[in-house]
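Read through the structure below, which is laid out as structure tokens, and then see the notes.
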Amino acid sequence: MVIAAAILTFPFEALPLGAPGIDSGWQWVVNIASQQDWVFGRDVVFTYGPLGWMASPQDVGAHLLLANGFRIALQGLMVICGLMVLFRMKQPAQILVFAGLWTIAGAVGLRFEGFVVLVAATAMLISLKTKAAWPAVTAGLIMGIVPFIKTSLGIAIAATVMIGLALIWKDRGFKVPMVAVT
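First residue of the sequence shown? That's 8 in this note's numbering, and the numbers climb one at a time after it.
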């Protein structure tokens with residue numbers, strides 16, 4: 008069931024240049040800027056950062072290979088978390104809800120940014136429920152990368168990880184700092 012959800016929700020986005028709607032030229036600029044001597048913040052000012060091409064890769068340099076490698080790694084982490092849910096939860100209803108919600112989110116068009124937040128939140132939840140440290144560490148690594156992809160995504164991941172850490176600390180019997188509560 009988890010493998011089926013992973014296949015059905017593989018993070019594919021077709022973002023063709025020149026599509027109707029909002030001008031998609033920004034996708035090309037985000038990709039080409041990293042191949043030029045342009046400095047983000049000086050030459051390019053945009054909500055996407057120097058790794059913004061990971062959110063909307065184009066055939067520039069090795070962007071397609073690297074961005075899809077990152078997406079496959081995120082999907083793999085989600086599969087591992089899903090399998091941990093499968094083996095830890097004894098009630099079939101919980102497993103069905105997890106796989107069902109994941110599949111529905113993918114079917115309705117969960118975009119890259121939402122998927123990254125979902126992966127980090129799931130990793131923090133697994134860390135909370137299993138007392139394993141590696142999912143929280145992995146979410147922390149994601150938190151270190153994504154601000155360079157998109158600023159608002161970095162803020163969302165930081166909030167997700169901080170809330171997860173506050174819940175983990177509380178579960179472990181530590182006093183949660185008031186900063187984490189607010």
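We put the beta carbon where it would ideally sit given N, CA and C, even for glycine.
Backbone CA spacing between residue i and residue j [nearest angstrom]
{"i": "P99", "j": "I162", "result": "34 Å"}
{"i": "K177", "j": "V51", "result": "42 Å"}
{"i": "N38", "j": "H70", "result": "8 Å"}
{"i": "F77", "j": "M61", "result": "8 Å"}
{"i": "G107", "j": "M85", "result": "14 Å"}
{"i": "F105", "j": "Q43", "result": "43 Å"}
{"i": "W109", "j": "S41", "result": "33 Å"}
DSSP-derived helix/strand/coil call for residue i
{"i": "K138", "result": "coil"}
{"i": "M85", "result": "helix"}
{"i": "P64", "result": "coil"}
{"i": "V144", "result": "helix"}
{"i": "G76", "result": "helix"}
{"i": "M150", "result": "helix"}
{"i": "K182", "result": "coil"}
{"i": "M96", "result": "coil"}
{"i": "A69", "result": "coil"}
{"i": "Q34", "result": "helix"}
{"i": "V126", "result": "helix"}
Bridge partners - residue i, DSSP secondary structure assignment
{"i": "V51", "result": "F47"}
{"i": "K157", "result": "Y55"}
Sequence-distant residues of its chain with Cβ nearer than 6 Å to residue i (five each side left out)
{"i": "A165", "result": "M150"}
{"i": "T158", "result": "T54"}
Own chain partners of residue i with C-beta closer than 8 Å, once the 5 adjacent residues on each side are dropped
{"i": "N75", "result": "P64"}
At least 3 beta-carbon pairs within less than 8 Å: the region 129 to 145 vs the region 35 to 48: Cβ pair count under 8 Å is below three, so no.
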